[in-house]
Every structure is written in C-alpha cells, then in structure tokens.
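Novice: Chains as they are written, first to last, in the working numbering: chain A, 106 to 241; chain B, 31 to 322.
The structure is given below, and queries will be raised subsequently.
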C-alpha cells in the first residue's frame, strides 16, 4: 500500500518522522483525512488528536494544541505551536489546562475581539485534550 | 622585594584561581555542547516554517492590507531594539560587544531624529545599556536562574513585541544578538524583525506546488506570523546561549593559560629570592667566621 512521510515538528525538536498510510488531522474547519497523493494544502489546526494509520491499523493518536499542517502529495508536515513533548496527555494536566483557559477566557471577555477569539481557541483546545485523555 | 612568605601565598592563590577557571572552562564546554544540540534540534521547525511562509508571503506581499507583522506600520519614526545578552559575565567581551552594538545603533538612530525604545533580554546587557539609555527602556526580560531557555520564554518575548505593535508603540523592530559563527567567533549582529524581510524566494523558482489554503490565506498568516516571530526570537536566544558558552570557554581557557604563566614567573621569583637569602646568610656566616 502506498505510504507517505508524516512529520510532527515542535519548536524545540522534530518529534516524529515516519512513513504512514493515512493520517487524520484536526484542521480548523473540520477533521481532515489525508491519504497519499493528496492535493497540496496549508491548513491551520485547532486543538485535537492527530490519528495515524499504519499498515491498515490505527496505531497512534497524538494531541496537538494548535498549529499548522502542510500537505503535499508525498508528505505531511505538522508544526505544533507548543513545545510540550507529551504526546499522550494526562488527565490532570488536561484539567489544569482547562481551568487556566477558563480563567483566561473570563479575563479576556472585556478585551478586544481578537483576544477573546484566542482565549476561546485555547479553551476549546484544552477541552479537546481532556476528551482525548479520557478516551486513552 | 617581596618576602618568601608573601610569594608563597601569592603562588597558592593563583593556583587556586587556575583551578577554578579550569573547572569553569570544562563546565562551559559541556554546556556549549548541550546548547548546540538544542539549537540543532530547533532547526527543522524553523526550516519548515520558512517554507510555508515563503509560499504564503509571496501571495500576500505587496498588497496594501498585508498584516502589520509582515509589513510594519508603514512609518519608520519609532524603533524598538531588542538586545539579547547573557545572564552572567566571565565570558570575555561577549556581553560588551552586543551591548555596544545596541548602544551604537541607538545613538545612530537618535542622531537621525528617530525615537528609540529598548527591550533588553538578559541581565548583563541591561546593566550596560542602562548606564546611558535608561530612559529609553520599555522592558526588561531576564532568564536568570533558569537552566536553559525554552520556546515558551521566546514566545513570551514575542508576545510582548506583538502587543507593543498592536498598541502602535513602534514602527520598526530590530533584534540585536550574538550570532554563533563558531566556538571561537561570535558576531554581534542586527536583524530586522518587523517589517519582516521576506524569506528567500530563490528556491521557489522551480515548479512550485500551488497550495490550497484553509481557512483563507489571511487567517493562516495571522497565526503564522506571530509564531514566526517567536521562532526568530527563539533562534536568537539559542544562538546567544551557545555563543555565550563558547565565549566563556575561550575566556576561561585564556585565564587558565595566563594563570599558568603567572605561576611560572612567581615560582622563578620565589626560587631566586630563596637562593638570594641563602647566599646572603652564607656570606654572613663566612664573614663572621673570618672575623674570629
């Protein structure tokens, strides 16, 4: 079966680089499944899980808080915003994050629309992390 | 002439100094290696970021409503200088060089009638620049006590810069840091951050894939640019850290060598003095015996 290169890069290092069959990425406008030979795209990511399929099996699901993905026919590069190396989020860390994001959101309620938007994104991404931690 | 005891004490003191500098040199060498690995590990992200930005920026560059982070405010009246130095000294001219470049640039801009603001990163540079330019300071960041700088630290600095840009506090932002050329050479250099110089488009001349953007190009740029700024700052911090250890290693190597030379000279002096003492004692004894 055809494969393509999946790269997961954080600002501090290259986290993952290997051949996979398919990957599902949490794009800003909905989940997006990528197979080899996909049309070139650049998308932004919202918080959620990257799911990886290798040799017909769902092998891994990795958390991203946000970032970008560059898709070409033979390669998918995911740039995550944060440097946190934890691919598998722990429940407590996720809940702490939600609490932080919530307080940031209430704080931003009086701020500019952009700031509110950013806080909202953060909250959603933290909730996605909790959901993922629960599923794991 | 110094007494024997004073000389002996002096030699011992220089010897312990040499021990300290030698140890510091080895510590710096180990830390240098770590800093270099960290800088290398950060490279893939920066490369891929530049690639994306190159294809995106080409699409937006030149349009009148290009985002501020890319195009600046249009004016060039107020400059923000971000000066990156180290937290510690004992590293030769490392901090002085970069601070001097910052001071020179501030003077030059001042002479042109521009307003200069300074954001300093690192304790040592701040101390140097404050002597003359304290009234230009808008912020100070220090990572003292931290073992290594992480991306979060850089992102924090980048956020400060973007917030100031949003409030319209400056038009042009320049980053001044020690570029790591090799272990023995650090070049204080100046890099413009905002308006950001477009990444090299040379490589995109070939058959370039036409990307689809989701959501629109503007939305992606709005997210990509702050992240890119953070990456630029992060790179500068890492280079500065690696440069600092390189510089410190050198300085300590020199200090160790100088201490060695000094010990040699002092020992020679000590032996001569001792010999002179013995000789004069002998002469005294002999002339005493002759008198009897």
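Glycine is no exception: its CB is placed at the ideal position from the N, C-alpha and C atoms.
In this text the structure is predicted, and so the values were computed from the model without any measurement.
Report all residues from its chain with a CB closer than 8 Å to the CB of residue 127 of chain B; omit the five preceding and five following residues, and keep chain order.
Specialist: Excluding sequence neighbours, residue 127 of chain B sits near 208, 216, 218.
Novice: Give every residue of the same chain whose Cβ lies closer than 7 Å to the Cβ of residue 143 of chain A, excluding the five residues on either side of it in the sequence, and list them in chain order.
Specialist: Within the same chain, residue 143 of chain A has close Cβ partners 176, 178.
Novice: Check each residue of the segment 204-215 of chain A: if its Cβ is closer than 7 Å to any Cβ of chain B, include it; give the result in chain order.
Specialist: The residues in question: there are none.
Novice: Can you tell which of B:189, B:322, B:221 has its C-alpha closest to the C-alpha of residue 111 of chain B?
Specialist: Among B:189, B:322, B:221, the Cα nearest to that of residue 111 of chain B belongs to B:221.
Novice: Once you ignore the five residues that flank residue 207 of chain A on each side, which residues in its own chain have a CB closer than 7 Å to its CB?
Specialist: Excluding residues within five positions, the ones whose Cβ falls inside 7 Å are 228.
Novice: Drop a sphere of 10 angstroms on the beta-carbon of residue 74 of chain B, count the other beta-carbons inside from all chains shown, and report buried for 16 or more, exposed for fewer.
Specialist: That one is buried.
Novice: For residue 54 of chain B and residue 233 of chain A, I'd like the C-alpha separation in whole angstroms.
Specialist: Cα to Cα, the separation comes out at about 47 Å.
Novice: Taking the alpha carbon of residue 149 of chain A as the point to measure from, which residue in A:107, A:135, A:122 has its own alpha carbon closest?
Specialist: The shortest C-alpha separation from residue 149 of chain A is found at A:135.
Novice: By Cβ distance, which residues of its chain are closer than 8 Å to residue 325 of chain B, with the 5 residues on each side in sequence left out?
Specialist: Examination of residue 325 of chain B is not possible in this model, given that chain B is present from 31 through 322 alone.
Novice: Which residues share a DSSP beta bridge with residue 208 of chain B?
Specialist: In DSSP, residue 208 of chain B forms a bridge with B:218.
Novice: Which one of B:121, B:78, B:162 has the shortest CA to CA distance from residue 272 of chain B?
Specialist: Here the closest residue by C-alpha is B:121.
Novice: Note down, one range per segment and in chain order, each beta strand (DSSP E) of at least 3 residues found wholly within the segment 96-149 of chain B.
Specialist: Runs found: 108-114.
Novice: Using 8 Å as the limit for Cβ to Cβ distance, is residue 157 of chain A near chain B?
Specialist: Not an interface residue.
Novice: For residue 130 of chain A versus residue 155 of chain A, is the C-beta spacing smaller than 8 Å?
Specialist: Closer than 8 Å, so yes.
Novice: Give the DSSP-derived three-state secondary structure of residue 156 of chain A in the structure shown.
Specialist: DSSP places residue 156 of chain A in strand when its eight states are reduced to three.
Novice: Using beta carbons (cut-off 8 Å, strictly below), is residue 145 of chain A in contact with chain B?
Specialist: Closer than 8 Å: yes.
Novice: Where do the ends of the alpha helix (DSSP H) carrying residue 225 of chain B lie?
Specialist: Careful: residue 225 of chain B lies outside any alpha helix (DSSP H) and carries neither H nor E.
Novice: Heavy atom of the ligand HEM less than 7 Å from the Cβ of residue 46 of chain B, yes or no?
Specialist: This structure lacks the ligand HEM, and indeed carries no ligand of any kind.
Novice: Measuring only the C-alpha atoms, how far is residue 85 of chain B from residue 263 of chain B?
Specialist: Rounded to whole angstroms, residue 85 of chain B to residue 263 of chain B spans 22 Å at the Cα level.
Novice: In its own chain, which residues sit with a C-beta less than 8 Å from the C-beta of residue 235 of chain B, not counting the 5 before and 5 after it?
Specialist: Model confidence at residue 235 of chain B stands at a pLDDT of 45, short of 50, so the residue's coordinates are unreliable; what they give is reported in the following sentence. Result list for residue 235 of chain B: empty, nothing under 8 Å.
Novice: Can you pull the chain B residues whose beta carbon is under 8 Å from the beta carbon of residue 64 of chain A, in chain order?
Specialist: Examination of residue 64 of chain A is not possible in this model, given that chain A is present from 106 through 241 alone.
Novice: Identify whether residue 66 of chain B lies in helix, strand or coil by the three-state DSSP scheme.
Specialist: DSSP places residue 66 of chain B in helix when its eight states are reduced to three.
Novice: Please report how far the alpha carbon of residue 158 of chain B lies from the alpha carbon of residue 140 of chain B, in whole angstroms.
Specialist: So the alpha carbons of these two residues sit roughly 18 Å apart.
Novice: Using 8 Å as the limit for Cβ to Cβ distance, is residue 109 of chain A near chain B?
Specialist: Closer than 8 Å: no.
Novice: Give every residue of the same chain whose Cβ lies closer than 6 Å to the Cβ of residue 141 of chain A, excluding the five residues on either side of it in the sequence, and list them in chain order.
Specialist: Excluding residues within five positions, the ones whose Cβ falls inside 6 Å are 107, 109.
Novice: Drop a sphere of 10 angstroms on the beta-carbon of residue 56 of chain B, count the other beta-carbons inside from all chains shown, and report buried for 16 or more, exposed for fewer.
Specialist: Classification of residue 56 of chain B: exposed, given that the 10 Å Cβ count is below 16.
Novice: Using a Cβ-Cβ cut-off of less than 9 Å, list which residues of the segment 133-157 of chain B approach chain A; keep chain order.
Specialist: Against chain A - using a Cβ distance shorter than 9 Å - the segment 133-157 of chain B contributes no residues.
Novice: My understanding is that residue 256 of chain B touches residue 99 of chain B, with C-beta atoms under 8 Å, so please give their C-beta distance in whole angstroms.
Specialist: That pair is a contact at about 7 Å.
Novice: Of all Cβ atoms in chain A, is any one closer than 8 Å to the Cβ of residue 257 of chain B?
Specialist: Judged by the 8 Å Cβ criterion, residue 257 of chain B is in contact with chain A.
Novice: Taking just the CA atoms, how far does residue 112 of chain A sit from residue 79 of chain B?
Specialist: When rounded, the distance between both Cα atoms is 13 Å.
Novice: Return the chain-ordered list of same chain residues with a C-beta closer than 7 Å to the C-beta of residue 237 of chain B, the five sequence neighbours on each side being excluded.
Specialist: Low confidence applies to residue 237 of chain B: its pLDDT is 46, below 50, so where it sits in the model is not reliable, and the reading given next is rough at best. Cβ within range, chain order: n/a, list empty.
Novice: What residue range does the beta strand (DSSP E) around residue 184 of chain B cover?
Specialist: Unbroken run through residue 184 of chain B is the alpha helix (DSSP H), 181-196; no beta strand (DSSP E).
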